[in-house]
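At position 31 of the sequence shown the residue is numbered 31 (the working numbering), and the sequence of numbers has no breaks.
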Amino acid sequence: LLKKNITAIALEYIEDGHGGYPFVESLGEISGVSSVLIAAELLATSQKAKGILFGNISGVKPLSTVVIGASSTGVVAAETAMALGSQVALFDLDVSKLRIARQHISANLSTQLIADTALAEALKEADVVIGALSGERRAPVVVSQSMVDQMQEGSVIIDISIDSGGCIETSELTTHDRPTTSYN
C-alpha cells in the first residue's frame, strides 16, 4: 500500500462521536439477520433437516430459537426470529443487556442469565441456536459438547462468534466451499 501511495482505512476502527463503531454495528446487524435466514433455509432444505419452517402458522407449534449473547448482533437475531414467528429465548451474562433487549424487542421475549442448567434445558427444545456472545479477546464457551449432545436431531447451530473462537464448544470454522458441518 505504501509503495503504491494508497491511503487505506480500517472501517472497523472508525469511531463515531459517541464512542461507538458504526461499521462494526452494521456488520453485526447483517450477521444477526443473516443467521436467522440461513437457519430457516437449513431447517427446511438440508438433507438432515427437520423439514420445518419459521412462521406462526395456525395450528402448528412455533419453532424454538435460542440466542446466546445480547450484543447488537444477538438482539437483531432475536428480533428477526421473533418477527418470523419463533419463540425466542435470549441468554446473556449481563442482566442489563437482557433488560434493554426486552424493552427494544418485546415483553414476550424470554430473557435469562446464562446458567448451565437453564441453558441446557432451553437447548434440548431448540430448533435453532445462534451463538452471538462476545468477549474482550475470546468469546467465552458457554455451550459444552454434552449440551449439544442433548439437542434434538436436525437442529441448527449458527455460531456467529466463531471469529473470536466461538461460544459453542463443537463449533468449527467453515469455508465457502464447505459452509456447514454436521455434528453426530
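Here a beta-carbon is modelled for each residue, glycine too, at the ideal position from N, C-alpha and C.
Note that the structure is predicted; figures quoted are calculated from it, not measured.
- Close CB contacts of Ser-134 within its chain, under the 7 Å cut and outside five residues either way in sequence, are with Gly-69, Ser-71, Ser-161 and Ser-164 (chain order).
- If you draw a straight line from the Cα of Val-88 to the Cα of Ile-9, it is about 38 Å long.
- For the pair Val-33 and Arg-178, the Cα-to-Cα distance works out to about 21 Å.
- Each residue's CA atom was taken as its position, placing Gly-59 and Phe-23 some 42 Å apart.
- When DSSP states are grouped into helix, strand and coil, Ile-38 belongs to the helix group.
- For Asp-92, the uninterrupted beta strand (DSSP E) run begins and ends at 87 to 92, by DSSP.
- The beta carbon of Ser-106 is closer than 8 Å to those of Met-82 in its chain, skipping five residues each way along the sequence.
- The C-beta of Val-67 has 16 or more other C-beta atoms within 10 Å across all chains shown, which makes the residue buried.
- The Cβ-Cβ distance between Ser-146 and Asp-159 does not fall below 7 Å.
- Close CB contacts of Ser-144 within its chain, under the 7 Å cut and outside five residues either way in sequence, are with Glu-169 (chain order).
- Rounded to the nearest whole angstrom, the CA to CA distance from Thr-117 to Gly-51 is 28 Å.
- Taken in chain order, the complete beta strand (DSSP E) segments of 3 residues or longer contained in the region 30 to 82 are 64 to 68.
- Just measuring C-alpha positions, the residue of Pro-140, Asp-16 and Thr-80 sitting nearest Ile-38 is Thr-80.
- Around the beta carbon of Ile-14, a 10 Å sphere encloses fewer than 16 other beta carbons of the protein chains shown; the residue is thus reported as exposed.
- Counting only residues of its own chain and dropping the five nearest sequence neighbours on each side, Ala-122 has a CB closer than 6 Å to the CB of Val-66 and Ala-89.
- Shown here, Leu-1 sits in coil according to DSSP, grouped into three states, outside any helix or strand.
- The residues Ala-39, Leu-42, Leu-43 and Val-128, in chain order, have a CB closer than 6 Å to that of Val-156 in the same chain once the five nearest residues on each side in sequence are set aside.
- When DSSP states are grouped into helix, strand and coil, Asp-116 belongs to the helix group.
- Around Val-141, the same chain offers Gly-165, Gly-166, Cys-167, Ile-168 and Glu-169 as residues with beta carbons nearer than 8 Å, after the five sequence neighbours per side are excluded.
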